[in-house]
Ligand SMILES: Nc1ncnc2c1ncn2[C@@H]1O[C@H](COP(=O)(O)OP(=O)(O)O)[C@@H](O)[C@H]1O
Ligand SMILES: Nc1ncnc2c1ncn2[C@@H]1O[C@H](COP(=O)(O)OP(=O)(O)O)[C@@H](O)[C@H]1O
Ligand SMILES: Nc1ncnc2c1ncn2[C@@H]1O[C@H](COP(=O)(O)OP(=O)(O)O)[C@@H](O)[C@H]1O
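Protein chains in written order, with this note's numbering: chain P, 206 to 623; chain C, 206 to 623; chain Z, 206 to 623; chain R, 269 to 380; chain D, 269 to 380; chain U, 269 to 380.
So, in structure tokens, the structure goes:
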């Protein structure tokens with residue numbers, strides 16, 4: 206076994222904490238955008254994932270994702286964390302991939318990814334998702350969709366990993382995976398009452414900006430932590446992440462300004478997130494100023510992609526599809542162009558560096574994720590919808606999720622005592 | 206002297222920053238729950254602890270807690286940080302306990318614990334505590350209660366530490382200690398006007414959720430940082446912390462749903478905190494899925510413990526007693542069951558692992574803390590109450606702490622310009 | 206080349222993330238203090254710096270600041286991050302200054318300083334700055350003012366560095382530099398309509414307290430990270446930072462209480478920030494309880510300095526001059542007294558430790574920064590003002606920056622649906 | 269002239285406004301109110317404690333108009349605001365002795 | 269019919285509501301207002317700068333009722349709202365020419 | 269007695285209050301309202317989607333006063349509130365049949 210390195214461990218533990226912090230960050234990012242009667246519903250759906258998904262991850266999720274079990278899925282060897290405190294290394298994590306950190310640190314780090322991924326979906330279904338149905342969907346989706354896809358891509362034994370598809374920190378596993386599930390879900394539950402006729406403006410952009418700040422901060426753990434060590438690769442992934450977020454903010458704002466006449470605060474926030482999404486698969490494989498290009502492209506494309514929902518008529522409340530599905534695909538495919546073996550010897554060369562196979566592998570990875578997650582998410586959604594129900598009643602929707610689902614009110618700023 | 210390890214130092218410094226961040230987190234967690242005219246009073250009481258306690262800690266607190274001075278209390282050798290920049294190791298920190306980080310890093314890390322502990326109390330006395338009186342209570346309590354108890358339990362020379370009582374990150378020193386002081390304080394100052402007749406709903410649950418996110422994030426520094434290194438033990442404490450928070454959230458929500466018909470956002474937040482409290486003493490001593498059990502039990506028990514205040518008629522405004530006193534006791538005693546020497550050779554075996562003494566030691570530690578802190582806190586409270594006064598006037602209480610104590614208003618969201 | 210140390214790298218990466226997080230923190234700190242119609246304008250000016258400055262830094266800023274180019278300014282060798290992923294060490298970073306972290310980690314870390322420095326200015330010009338003009342000012346200022354001054358002071362080749370002036374983490378480069386630019390800017394754009402006649406109270410102190418918490422938290426990365434390693438010096442800088450913030454909070458509150466009769470929440474926040482500013486240049490050069498003195502003095506002086514704007518009649522909306530310019534000068538000069546070679550052998554002895562030259566060097570550094578930044582900032586401001594314009598129209602100012610500049614509203618808490 | 273005051277359900281404001289514009293009204297004033305009446309409020313739960321809230325959010329719409337239009341406008345509001353569910357609200361009419369446009373000082377109907 | 273408008277201290281709203289229900293009132297409308305009068309406001313301090321705020325938060329209670337009940341209800345409000353301290357508020361009564369329940373279109377007393 | 273109701277621009281409230289005090293008024297009640305009229309609202313943009321907001325924030329000022337003072341006070345308000353720009357607002361006067369000070373039970377002018 207390779208020695209445990211305290212510096213690498215310190216960075217991965219710090220990164221795990223940062224990634225955990227992203228889920229509250231996401232909760233604020235999303236809940237700031239909904240109307241004031243749906244705020245707690247949104248916050249709850251995100252925070253609840255920190256509870257339910259974490260428990261499921263420990264019990265079976267991790268084992269299914271990283272257990273020894275061929276290319277398609279892990280096994281139950283590690284169910285309930287069995288052996289993980291003492292095991293020397295995980296299946297497939299040998300040679301170049303040998304961990305230099307405690308296995309439990311890796312388990313905890315990966316857990317935070319599992320927590321936030323399904324939470325990403327909730328932005329699309331905002332203002333109408335029934336809490337009881339959501340909890341069921343969440344549990345099933347984590348086990349039946351997230352764990353297998355994580356195995357395919359992240360585990361050195363996964364078929365996509367073996368095939369050579371690259372995903373440094375979760376472009377496919379996290380963003381495309383959640384993005385396609387979001388699309389399926391909005392098709393199953395339908396539009397919000399009044400959409401797109403009624404205006405549904407954000408109730409608190411400062412809250413959304415808070416979420417943006419936390420997400421940007423946490424994303425360093427998400428991407429640079431994926432180096433699983435405190436080394437040159439981590440530094441590269443760190444600066445790449447920041448560059449892409451910055452360039453994407455500018456890209457988004459420029460188009461927005463040109464098309465709408467204003468550079469908006471929500472645009473700056475959305476652009477940054479789009480860039481962070483796109484750089485996620487690339488963070489440890491690209492160098493130089495490629496991240497600026499990737500970010501700028503993502504900022505522009507994701508902004509334009511928002512129009513799709515109006516054109517095609519699906520109600521993606523907070524544009525999860527435009528930002529995470531589209532942004533994830535943009536990043537995964539641009540990696541096929543910008544990937545540079547000089548940056549990471551365990552990577553591959555993209556088209557710009559004379560490598561031709563990588564793009565194929567990326568296309569396969571994207572296609573496989575979209576197909577698998579799309580189909581299974583649809584089955585789960587339908588199943589839950591016909592049994593528990595995935596959508597609140599019209600009265601509950603009008604009253605708001607906060608009161609109807611949680612018997613709470615988000616703000617009571619005085620005025621008339623009630 | 207053992208070499209300073211940069212990895213361990215990096216993790217402890219990061220952890221110290223995380224623990225400092227918890228106090229603002231606590232301020233938001235609490236202030237979101239009060240009515241809008243008391244928000245700043247609550248924020249101020251917490252932030253002020255970052256000021257006053259830090260200064261006192263440097264001047265005398267640390268020295269009294271970790272100075273060389275037998276089992277009951279330290280001494281003044283380190284007053285004003287004397288020698289701490291150059292000293293090789295702290296009294297008692299030899300052999301297995303030898304520090305591998307700069308002593309000043311340890312001093313800073315411990316300082317953050319001292320800052321947040323008295324701040325925890327302020328949730329119980331919300332909406333009626335006089336600021337001037339609070340500052341006096343804060344100073345006296347830090348020196349006369351916190352420092353000695355920290356010495357007993359954390360210092361290898363402390364009598365409880367020597368006796369074998371286990372407290373990985375502050376179940377007794379922080380939570381039980383603050384919790385019993387909270388109980389004493391609410392008995393001394395009495396109920397809020399109108400309680401329990403009047404409804405006193407939270408003014409901003411998003412603010413409380415923000416606090417929850419920060420607390421959860423910071424708690425990794427609190428518990429995993431207590432390993433004082435970036436190693437397997439830290440990883441174990443890290444994942445245990447997360448598991449307990451998650452399980453406690455679910456536990457709380459399930460009972461809440463059963464008893465009240467709704468799973469609430471405030472319930473999710475409260476449950477998570479209850480789990481974090483309960484796992485605090487256990488974090489580095491338990492393994493496997495024990496943290497799930499500890500968390501789930503804490504979530505259920507703390508929820509039920511809230512009813513006590515209605516039954517017994519004391520006004521614990523934000524349920525500090527139910528969450529920190531009860532949660533701390535639950536954790537400390539469950540450690541007597543779940544502790545496993547296989548996880549931490551410096552620990553002990555609990556009843557489930559064939560160890561019988563530990564439970565006795567835990568009971569002694571809990572009892573001693575409750576007794577000492579209860580009595581001394583009562584004396585301090587009475588003393589301050591008769592001199593400076595601990596409670597605002599009825600007019601000030603009706604007007605709100607924000608205006609009466611600080612001449613400020615929390616929110617001015619427009620409407621009628623004043 | 207010196208070996209890369211994983212522990213040092215872990216700490217610097219964590220610190221870089223912490224410093225990045227400070228800019229959103231600053232955005233909340235500031236925006237809580239403005240009226241509700243200007244909130245997004247303030248948030249946007251800060252977040253936008255994370256976008257534009259980051260891109261410029263990568264393209265030219267870093268190269269001008271740390272490229273090889275004599276004492277006055279760097280060069281373009283590193284434009285677009287050229288060679289930085291592979292270079293062994295940066296010009297001047299040899300011997301005692303040799304980096305033990307990946308160069309890209311240093312680039313990323315320094316980038317976060319470049320992002321927040323111009324953002325600090327925006328507090329002074331709150332409520333009236335035209336967004337288009339701001340973006341131009343931001344770009345020019347970063348390249349023409351920040352990069353050179355950073356070279357003078359931070360680069361071992363810089364003339365002030367060589368001269369022996371000390372600035373551990375940016376007292377001159379960050380705070381004095383931004384503070385004097387703020388003064389120049391408010392003189393160029395003039396007062397807010399109605400100031401000082403009309404009351405312009407903070408719209409959300411909880412938001413300001415959130416910013417304070419984040420700033421304090423992030424400042425550990427700012428100051429302790431400047432040790433560029435996880436070692437005793439970092440620990441010293443860490444605890445010094447905290448001590449100064451705490452003492453400054455108390456200092457500010459005491460004077461405030463004496464002069465105004467109340468200790469306010471905003472005072473606690475402002476005092477803490479003043480202390481953090483003052484300790485920034487000193488963090489790694491002073492020891493013992495000197496930080497308490499430095500903090501307390503800064504807290505008192507900065508509070509008193511606020512009166513200047515009323516006496517002299519310039520409208521520094523959020524007291525950037527009183528806190529950052531004055532606070533930065535206080536810190537830089539107190540370092541001339543309290544600096545202690547025993548704490549940092551690479552430092553120098555201040556007057557209290559028998560060293561006389563240091564104070565001269567500090568005075569020169571302060572003077573040079575004030576002069577250079579003042580003059581160039583003025584030229585840039587005038588240039589932008591006459592071309593694009595730096596100030597909104599009276600109508601836009603009355604309507605608010607949020608609607609007039611960004612076509613958004615910060616809060617929509619229900620009531621009458623619009 | 270007369271002042272028509274209507275208490276309506278918030279989500280109905282848009283329809284009421286549209287209908288009044290339809291009916292030729294050029295101005296109105298709306299404000300947030302809390303209503304108490306037959307329509308029961310709701311219950312909130314915080315840490316197991318239940319609170320009943322009797323007040324229901326409503327919007328007050330005020331329109332000053334000529335005597336001749338009152339009856340018609342009241343009907344317009346009734347038609348645009350009702351959902352046939354309890355809590356639709358009330359309309360009351362009071363007499364206005366003088367009406368002035370601040371900008372011009374115009375009086376009466378001219379100020380409309 | 270008549271419209272009774274009362275400006276009361278916010279923390280008194282509960283008592284006033286209870287008293288009016290006591291007195292047989294089935295509905296009322298409350299709203300947030302800022303009052304200026306004999307009762308002085310307060311002072312706020314931000315970074316050493318003092319601001320005096322003249323307005324005091326109050327609640328407006330509106331009740332439409334039959335002519336016969338006006339005197340009695342005004343008394344009910346006076347008794348339930350007063351604290352004998354400056355700032356207790358005012359009550360004024362205006363004439364209502366028509367009163368309609370939106371849900372049913374009922375007029376006058378039937379609409380109550 | 270009479271009730272003067274004025275809808276004014278928020279940033280004009282201070283001037284109106286000062287002018288009314290000038291004119292000897294000892295009390296008034298202000299509240300937040302949303303106005304719809306000739307003055308057009310504004311447009312907001314969120315993620316490329318434009319929303320037009322018709323309502324403009326205004327403040328309602330209510331003053332109960334003696335019949336004799338009505339004309340004068342209306343003029344005072346007109347003079348202090350107007351900016352000569354569209355949207356300055358309206359003033360309407362209604363009759364008050366009784367006016368009571370809650371604290372003392374005083375009636376009519378004595379209650380002012
Ligand atoms: N007597 C009253 N005076 C003033 N407002 C009233 C009165 N009765 C009802 N209201 C207002 O009308 C609203 C609807 O009344 P409610 O009795 O709930 O339903 P409905 O009018 O359909 O019978 C109430 O919420 C309240 O705002
Ligand atoms: N002339 C008036 N017109 C309208 N409202 C008034 C008038 N005078 C007082 N008020 C309202 O009554 C409230 C209480 O009046 P105030 O003079 O402060 O106390 P009191 O009524 O006990 O003498 C004020 O805050 C204001 O809202
Ligand atoms: N008929 C009306 N009834 C009630 N309020 C009105 C009426 N017409 C206008 N208002 C109020 O007066 C305000 C100003 O009216 P507007 O037509 O915009 O400008 P102006 O009064 O200068 O012509 C509106 O915002 C609205 O609040």
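Each residue gets a CB set at the ideal place from its N, CA and C atoms; glycine is no exception. It should be emphasised that the depicted structure is a prediction, and the values quoted were computed from it without experimental measurement.
Task: Cβ neighbours of residue 296 of chain U in the same chain (closer than 8 angstroms, five flanking residues each side left out) - done: 285, 288, 329, 330, 331
- [ ] Check the Cβ of residue 621 of chain P against every Cβ in chain D and list those closer than 8 angstroms, keeping chain order.
- [x] 278, 281, 298, 299, 300, 327
Task: Neighbour list for residue 311 of chain U in chain Z, Cβ cutoff strictly below 8 angstroms - done: 612
- [ ] Grab the span of the beta strand (DSSP E) containing residue 337 of chain P for me, first residue to last.
- [x] Premise fails: residue 337 of chain P lies in the alpha helix (DSSP H), 336-346, not in any beta strand (DSSP E).
Task: Segment limits, beta strand (DSSP E) that includes residue 271 of chain R - done: 270-276
Open item on the list: Please tell me whether residue 376 of chain D has its Cβ less than 8 angstroms away from any Cβ of chain Z.
Closed with: no
TODO: Identify whether residue 447 of chain P lies in helix, strand or coil by the three-state DSSP scheme.
DONE: helix
Open item on the list: Shorter than 7 angstroms, the distance from the beta carbon of residue 275 of chain D to the closest heavy atom of ligand 2, or not?
Closed with: yes
- [ ] Assuming residue 221 of chain C and residue 313 of chain C form a contact by the criterion Cβ under 8 angstroms, report the distance between their Cβ atoms to the nearest whole angstrom.
- [x] 5 angstroms
Open item on the list: On the DSSP letters alone, give me the boundaries of the alpha helix (DSSP H) that residue 323 of chain Z sits inside.
Closed with: 308-326
Open item on the list: Please tell me whether residue 410 of chain C and residue 615 of chain P are closer than 8 angstroms, where the distance is taken between their beta carbons.
Closed with: yes
Task: Partners in chain R for residue 508 of chain C, counting only beta-carbon separations shorter than 9 angstroms - done: 315, 316
- [ ] Taking 7 angstroms as the limit, tell me which residues put their C-beta closer than that to any heavy atom of ligand 2, in chain order.
- [x] D/275, D/301, D/303, D/304, D/305, D/306, D/307, D/324, D/326, D/354, D/355, D/356, D/357, D/358, U/293, U/294, U/295, U/296, U/297, U/330, U/331, U/332, U/333, U/369, U/370, U/371, U/380
Task: Start-to-end residues for the beta strand (DSSP E) that takes in residue 366 of chain U - done: 366-369
Open item on the list: Using a Cβ-Cβ cutoff of less than 7 angstroms, which residues in the same chain neighbour residue 361 of chain C once the five nearest sequence positions on both sides are dropped?
Closed with: 297, 298, 302
Task: Environment of residue 302 of chain D [buried if 16+ CB atoms lie within 10 Å] - done: buried
TODO: Quick one: which residues of the stretch 350-369 of chain D get their C-beta closer than 9 angstroms to a C-beta of chain U? List them in chain order.
DONE: 350, 351, 352, 353, 354, 355, 356, 357, 358, 359, 360, 361, 362, 363
Task: Span of the beta strand (DSSP E) around residue 325 of chain U - done: 324-333
- [ ] Look up residue 241 of chain P in the DSSP assignment and say whether it is helix, strand or coil.
- [x] coil
Task: Proximity winner among U/349, U/318, U/363, U/300, relative to residue 336 of chain U (alpha-carbon distances) - done: U/363
Open item on the list: When you compare the CB of residue 341 of chain R with every CB in chain U, is at least one pair closer than 8 angstroms?
Closed with: no
- [ ] For residue 464 of chain Z, count neighbouring C-beta atoms within 10 Å of its own C-beta (all shown protein chains included) and say buried if the count is 16 or more, exposed if not.
- [x] exposed
- [ ] Report yes if the C-beta of residue 288 of chain Z is less than 7 angstroms from at least one heavy atom of ligand 5; otherwise report no.
- [x] Among the ligands in the structure shown, ligand 5 does not appear; only ligand 1, ligand 2 and ligand 3 can be found there.
- [ ] Note down, in chain order, each residue of its chain lying with its Cβ closer than 7 angstroms to the Cβ of residue 228 of chain Z, except the 5 sequence neighbours on either side.
- [x] 251, 254, 255, 320, 321, 324
TODO: Rounded to whole angstroms, what's the CA-CA distance from residue 206 of chain P to residue 436 of chain Z? Just pull it up for me.
DONE: Residue placement at residue 206 of chain P cannot be trusted, given a pLDDT of 49 that sits under 50; the coordinates are not used to answer.
- [ ] Could you tell me whether the Cβ atoms of residue 331 of chain Z and residue 247 of chain Z are closer together than 8 angstroms?
- [x] yes
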